[in-house]
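Novice: Dropping a structure here in structure tokens format, bear with me for questions.
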Amino acid sequence: DGPPEGDAAVVTKTRPKTQKPPLYKVLLLNDDYTPMEFVVHVLERFFGMTHAQSFEIMLVVHKRGVAVVGVFSHEIAETKVAQVMDFARRHQHPLQCTMEKEE
Ligand code: TYC
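Just so you know, the sequence shown maps onto residues 6 to 108 in full-length UniProt numbering.
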């Protein structure tokens, strides 16, 4: 007998778009009182930066007023902010850390 019956249809599957969870930027803010060495230590301790990276980012915050120090899921970002704020408060420094949803 002959070839198989029916259309030789090209099947195009459209898979539903994967929903990516939103990401959050963690920002460090400048102030006039927190010692530079303390900020460098914070960046090494909570953001896994090398001493050189930490020093570089600290200077960006010092000069420009603010810098993104990392991008994380909501839960991790919240934890980082809480850790920095708690550590600064315990050392009686006014250092401020916040988070902001990525566009
Ligand atoms: N401006 C501070 C000083 O001159 C240093 C500093 C840097 C503070 C970064 C906060 O997020 C900061 N001692």
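Every residue gets a Cβ at the ideal spot worked out from N, C-alpha and C, and that includes glycine. If you're wondering where the values come from, they're calculated on a predicted model, not measured in any experiment.
At which residue ranges does the UniProt domain "Adaptor protein ClpS core" (24-103) contain complete beta strand (DSSP E) runs of 3 or more residues, listed in the order of the chain?
Specialist: Here the runs fully enclosed are 29-34, 71-77.
Novice: At a threshold of 7 Å, does Leu-100 count as lining the ligand TYC (C-beta to nearest heavy atom)?
Specialist: Correct: Leu-100 has its Cβ closer than 7 Å to the ligand TYC.
Novice: Quick one: grab the DSSP three-state call for Lys-22.
Specialist: Residue state, collapsed to three classes: coil.
Novice: Please confirm whether any heavy atom of the ligand TYC lies closer than 7 Å to the CB of Val-66.
Specialist: Within the cutoff, so yes.
Novice: Can you tell me which of Val-31, His-56, Arg-20 puts its alpha carbon nearest to the alpha carbon of Ala-87?
Specialist: Considering only alpha carbons, the answer is Val-31.
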